[in-house]
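Here is the structure we will look at, set down as C-alpha cells.
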Amino acid sequence: MTRGLAWLALLGLVATPLAIVIGMGFGTPDSGVPPVIPPIGRDGWQGSLEAWGLIFEDSFYLDTFLRSLRLASVTAALCLVLGFAMAMGIASAPPGRQPLLLALVLLPFWTGFVLRLTAWVGLLRDNGWINGVLMQLGVIAEPLPLLYSDGALLLGMVHSYLPFAVLPLTAALAKRDLSLEEAAADLGARPATVFATVTLPLAAPAAAAAFLLVFIPAAGEVVIPEMLGAPDSMLIGRAIWGEFFQTRDWPAAAALSTALLALLLVPIALYQRLSVAK
Amino acid sequence: MSLLALEGVTRRFGAVAALDNLSLEIGAGEFFALLGGSGSGKSTLLRVVAGFEPPDAGRVLLRGADITRDPPPARDVAMMFQSYALFPHLSVADNIAYGLRRAGEGRAAIAARVAELVALVGLAGMEARRPRQLSGGQQQRVALARALARRPSLILLDEPLGALDSGLRERTGLELRALQRRLGASFVMVTHDQAEALALADRVAVLEQGRIAQVAAPRELYERPATRSIARFLGAANVIEAGTLPLRAETPAPAYALRPERIRRVDHPPEANGVTARVADLAFRGGDAVLLAQVEGGPLLRVILPAGAPLPEPGASLHLAWDAAALAPLAA
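For the record, the sequence lines run as chains S and F. Numbering-wise (the working numbering), the first sequence opens with residue 1 and increments by one. Numbering-wise (the working numbering), the second sequence opens with residue 1001 and increments by one.
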C-alpha cells in the first residue's frame, strides 16, 4: 500500500515532470501558450536539436556552467569546514544541551529565506549598516562596494547552506565511539594527532555527504546570486531563469536544466554509493 | 619501590564517590586484579591510572614519579579497552603500529616490532585485515598486541575477557597469564568475575563502593575473606552469625564464612561444628551437586556434595559437619 503510494508519488511528482522537461528540450519555441511546440505531435517527430545546439554554440553557457560549479565547490568546501567545527562543538556538548544547539542551527529555516537575504542586503549595501558604522568611525571615507559582489554572493551561499552540512556531520560525530579517541591518546597521540588520524578519517563519509548535500543544490541556485551577486557574473540557475521568463525560450531553458541535471548526476551517484557503503 | 602507587585517590561524580580515599601499591611483574561489582569504582580506578579521569584528590605514582597531572599520551601505561577500541579504518598491522608511529620510531623498527607482536599473539598472516574481518578472540589479541607494542611499564586491562564467548574465555585467560609471565609484564586487570580474578591474578583487590575491602593472594582471599560481603561475593560462602549454630572455632569472631565444599555429610550428629538439617533443594550439576539444607530455626546452608556421593531425597533429614579450621572468621 505505502509502496504503491511511493511509486505513484515518484511517477507523478518526479518522473512525469522530468520527462516533460527533457522532452521540452527537443521542442521548438512558439508564440502560443505554452510557448513551445512539443517534439512529438500528431504526425510523429517534429522536434529539433536547436536548443542543444545553443548550449554548445559559443562558450557563454559552458563558462556559466563552470562558474556555477566553481561557486558550488567553494560554497560546499567552506560549509564543510565551518560545519565540521560547529558539529564537533555540538557533538561534544553535554547530551542534554545538544537538541537546543541543533535547534539554533535550524532556527534560520524558521524565518523566510528571502527575508534573511534581504537582511544581508540591508547590512551590505552602500548606505547599509556596515558601511554606515565604518564611515561613522572614520575608517573609510567612501562606502565599500560590498553588495552585488562575489564576496557577498559567497557569504549568502554559505550562510544559507551551512545547516545542510552541519546536520549530517553532527549526526555522525555525536554517535562516534569516543573510546577510539581515548585509545589513540593512550597510545601516545596528542589531541591534534588524534583528530587527524582517528576522528577525521572516521568522519570522512559524513563529510562527503555534507559536501554533496551543499554542492548539489548550490550548483543550480537562483535567488541568492540574484539578490547578492554581481549582475555580470552569470550563473546557470540565473541563465535558466532568463531563458524561461525573459527570452521565453522554453526549449533552451529545458535543455539547460537537463544538462545541469546530467552534470549533477555524477556527484549524486557518488553520494548514493557512499550511503550504500556505510 | 612499587611500580604503581595510588595515594588517597578520590574521584567523585556529583555526590557519589566512585573512588573514596583509595590507596594501593602494585609491584613490577605482577598480575593484579581489581575485582568488584558494577559501581564499585574498579573501572574508574583504571581510567584514573590511564589519565582519562582526573582524581579530585590524591596522587598517582608510576615508578615513584608523580603522574597525577600527566595527560594520557605522556603516561608510560597502555590500556586494553573492554570494547577493544580497535581503529576500524586501519589494518591489524597499522593498529598495532599506531603507538610506535606516535613514538617516532623508524619504518624498519616498526615493521620488525609489528611482525614480532603478530607472531606473539598468533595472528601471523592476518596483518592486512581490518578489525571487522576478525573474530572476537582475534580482535582481543590485536588489542593486546597494540597495548604491548611500546613496551609500557604497565598494561591496564578493562574486562579483557568480558566480550568473549564463555567457551573461549577460560583458554584466552590462561594464554593471557602465560604471556604476562613470559614477558615479565605488569598487568592490572579489572573484572567482575571472581573466578577469572582468582584464576589469573597474583593478587586480587576487592573493591566495594570506591574502597578496597581486601587485598590478598587468590587462595588467601578465598579461604580467609575479611568481611561478610566478600565472603558472599567470592564463591558464595555461607555466612554464619556466631550463636546461630553450635560452633567451635579457632578464633572468636562475630561471624564466620563457611565454604559450601567444606561441609560434608556424616552419619551421626556431632556435638559442635555440625548440624542436623532438612533437604530444601538439590541440584545435580554434573561435576558435583548443590544442596540447600534448612537448619530447623537456623540458617539455610549451601552445601556442595562431591561427584559420586549418594544424593539425599528432597525433604529428607541429614547430618552435616565441618572442621573448626573451615570456619573463616569475619571482621565485618
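In this text, a Cβ means the ideal position worked out from N, Cα and C, and glycines have one as well. The model shown is predicted, which means the values in this text are computed figures rather than measured ones.
CB contact check: G188 (chain S) to chain F, cutoff 8 Å: What you label residue 188 (chain S) is simply residue 188 of the first sequence in a count that begins at 1. With 8 Å as the cut-off, G188 (chain S) counts as an interface residue toward chain F.
P168 (chain S) (DSSP reduced to helix, strand or coil): Along the first sequence, one-based indexing puts residue 168 (chain S) at 168. Looking at P168 (chain S) - three-state DSSP - the assignment turns out to be helix.
Among S:P251, S:L187, S:A210, S:V222, nearest to F1081 (chain F) - alpha-carbon criterion: Here residue 1081 (chain F) refers to the residue found at position 81 when the second sequence is read from its first residue. Residue S:L187 is the option with its Cα nearest to F1081 (chain F).
Below-8 Å beta-carbon distance, G1099 (chain F) vs any chain S residue: Taking the second sequence and counting its residues from 1, one reaches residue 1099 (chain F) at position 99. Closer than 8 Å: yes.
Exposed unless 16 or more other CB atoms sit within 10 angstroms - verdict on Q246 (chain S): Walking along the first sequence from the start, residue 246 (chain S) turns up at place 246. Flag for Q246 (chain S) reads exposed.
Exposed unless 16 or more other CB atoms sit within 10 angstroms - verdict on M1 (chain S): As a working mapping, residue 1 (chain S) is identified with position 1 in the first sequence. M1 (chain S) comes out exposed.
Segment contact, 8 Å Cβ cut-off, at least three pairs: the stretch 1086 to 1101 of chain F with the stretch 1110 to 1129 of chain F: yes
For T75 (chain S), the three-state DSSP class (helix, strand or coil): Within the first sequence, numbered from 1, the residue matching residue 75 (chain S) stands at position 75. Reduced to three states, the DSSP call for T75 (chain S) is helix.
Candidates F:L1305, F:S1091, F:R1059, of which the one nearest F1284 (chain F) by Cα: As a position in the second sequence, residue 1284 (chain F) is number 284, starting the count at 1. The residue with the shortest Cα to Cα distance from F1284 (chain F) is F:L1305.
Alpha-carbon to alpha-carbon, V74 (chain S) and L200 (chain S): Here residue 200 (chain S) is taken as the residue at index 200 of the first sequence, counted from 1. Here residue 74 (chain S) is taken as the residue at index 74 of the first sequence, counted from 1. One C-alpha to the other measures close to 20 Å.
C-beta contact flag for A165 (chain S) and L69 (chain S) at 8 Å: On the first sequence, position 165 is the one that residue 165 (chain S) refers to. On the first sequence, position 69 is the one that residue 69 (chain S) refers to. Contact flag unset, no.
Whole alpha helix (DSSP H) elements within the stretch 211 to 246 of chain S, 4-residue minimum: 223 to 228, 236 to 241
L1291 (chain F) versus A206 (chain S) - alpha carbon distance: Counting from one through the second sequence, the residue named residue 1291 (chain F) turns up at place 291. Counting from one through the first sequence, the residue named residue 206 (chain S) turns up at place 206. The alpha-carbon atoms of L1291 (chain F) and A206 (chain S) are separated by roughly 59 Å.
First through last residue of the beta strand (DSSP E) which encompasses G1274 (chain F): For this step, residue 1274 (chain F) is matched to residue 274 along the second sequence. G1274 (chain F) -> beta strand (DSSP E) spans 1274 to 1284.
Status (buried if at least 16 other CB within 10 Å, exposed otherwise) for I20 (chain S): Stepping through the first sequence from its first residue, residue 20 (chain S) is reached at position 20. Classification of I20 (chain S): exposed, given that the 10 Å Cβ count is below 16.
Chain-ordered neighbours of S1083 (chain F) on chain S, where CB pairs are closer than 7 Å: Here residue 1083 (chain F) refers to the residue found at position 83 of the second sequence. Ordered by position in chain S, the residues that pass the 7 Å Cβ test against S1083 (chain F) are S179.
Chain S contact for A1102 (chain F) (CB, 8 Å cutoff): Looking up residue 1102 (chain F) in the second sequence gives position 102. At residue 1102 (chain F) the sequence reads Arg, which differs from the Ala that was named. True, the Cβ-Cβ gap to chain S drops below 8 Å.
Residue-level contact to chain F via CB, V276 (chain S), 8 Å cutoff: Sequence index remark: in the first sequence, residue 276 (chain S) carries index 276 (1-based). Output row for V276 (chain S): interface = no.
Proximity test, Cβ basis, 8 Å: F1013 (chain F) and chain S: Looking up residue 1013 (chain F) in the second sequence gives position 13. It does not; no Cβ of chain S falls within 8 Å.
Sequence-distant residues of the same chain with beta carbon closer than 7 Å to A184 (chain S), five excluded per side: What you label residue 184 (chain S) is simply residue 184 of the first sequence in a count that begins at 1. Once the five neighbours on either side are set aside, the close Cβ partners of A184 (chain S) are V194, T197, V198.
Cutoff 7 Å; reference Y271 (chain S); Cβ partners in own chain excluding five residues on either side: Against the first sequence, residue 271 (chain S) aligns to sequence position 271. Answer for Y271 (chain S): A209, L212, listed in chain order.
Cβ pair count under 8 Å reaching 3, the stretch 1024 to 1044 of chain F against the stretch 1172 to 1187 of chain F: yes
Strand pairing of Y1256 (chain F), partner residues [DSSP]: The residue you call residue 1256 (chain F) lines up with position 256 of the second sequence. Y1256 (chain F) pairs with F:I1240, F:P1329.
Meets three-Cβ-pair contact criterion under 8 Å: the stretch 32 to 48 of chain S and the stretch 117 to 132 of chain S: no
Proximity winner among S:G32, S:P267, S:G83, relative to L106 (chain S) (alpha-carbon distances): Counted from its first residue, the first sequence places residue 106 (chain S) at position 106. Closest option to L106 (chain S), Cα to Cα, is S:G83.
contact_flag[the stretch 1322 to 1332 of chain F, the stretch 1223 to 1239 of chain F] where n(CB pairs < 8 Å) is 3 or more: yes
Sequence-distant residues of the same chain with beta carbon closer than 8 Å to A1272 (chain F), five excluded per side: As a first step, residue 1272 (chain F) is located in the second sequence; it is residue number 272 there, counting from the start. Cβ neighbours of A1272 (chain F) beyond the five flanking positions: P1246, L1247, R1248.
Cross-chain neighbours of A1078 (chain F) in chain S, by beta carbon under 8 Å: Within the second sequence, residue 1078 (chain F) is the residue found at index 78, counting from 1. Near A1078 (chain F) (Cβ distances below 8 Å), the residues of chain S are D186, L187.
Beta-carbon proximity check, A1213 (chain F) vs I1230 (chain F), cutoff 8 Å: In the second sequence, residue 1213 (chain F) corresponds to position 213, counting from 1. In the second sequence, residue 1230 (chain F) corresponds to position 230, counting from 1. Cβ atoms of A1213 (chain F) and I1230 (chain F): closer than 8 Å.
Close beta carbons around A87 (chain S), own chain, < 6 Å, minus the five adjacent residues each side: Here the question's residue 87 (chain S) lines up with position 87 in the first sequence. For A87 (chain S), where only same-chain residues beyond five positions count, the Cβ hits under 6 Å are V166, L169, T170, L173.
Per-residue burial, T118 (chain S) [other beta carbons within 10 Å of its own, 16 or more giving buried]: As a position in the first sequence, residue 118 (chain S) is number 118, starting the count at 1. Its Cβ having fewer than 16 others within 10 Å, T118 (chain S) is exposed.
Min CB distance F1087 (chain F) to chain C below 8 Å: No chain C appears in the structure shown, which is made up of the protein chains S and F.
Opening and closing residue of the beta strand (DSSP E) in which P1306 (chain F) lies: Position 306 of the second sequence, counted from the first residue, corresponds to residue 1306 (chain F). From DSSP, the beta strand (DSSP E) with P1306 (chain F) extends over 1300 to 1306.
Burial state of I236 (chain S), where buried means 16 or more other Cβ atoms lie within 10 Å: Taking the first sequence and counting its residues from 1, one reaches residue 236 (chain S) at position 236. Buried, because 16 or more other Cβ atoms sit within 10 Å of the Cβ of I236 (chain S).
Collapsed DSSP secondary structure at T1191 (chain F) in the structure displayed: Stepping through the second sequence from its first residue, residue 1191 (chain F) is reached at position 191. T1191 (chain F) falls in the strand class under three-state DSSP.
Own chain residues within Cβ distance below 6 Å of V956 (chain F), not counting five before or after: Not covered by the structure: residue 956 (chain F). The range shown for chain F is 1001 to 1332.
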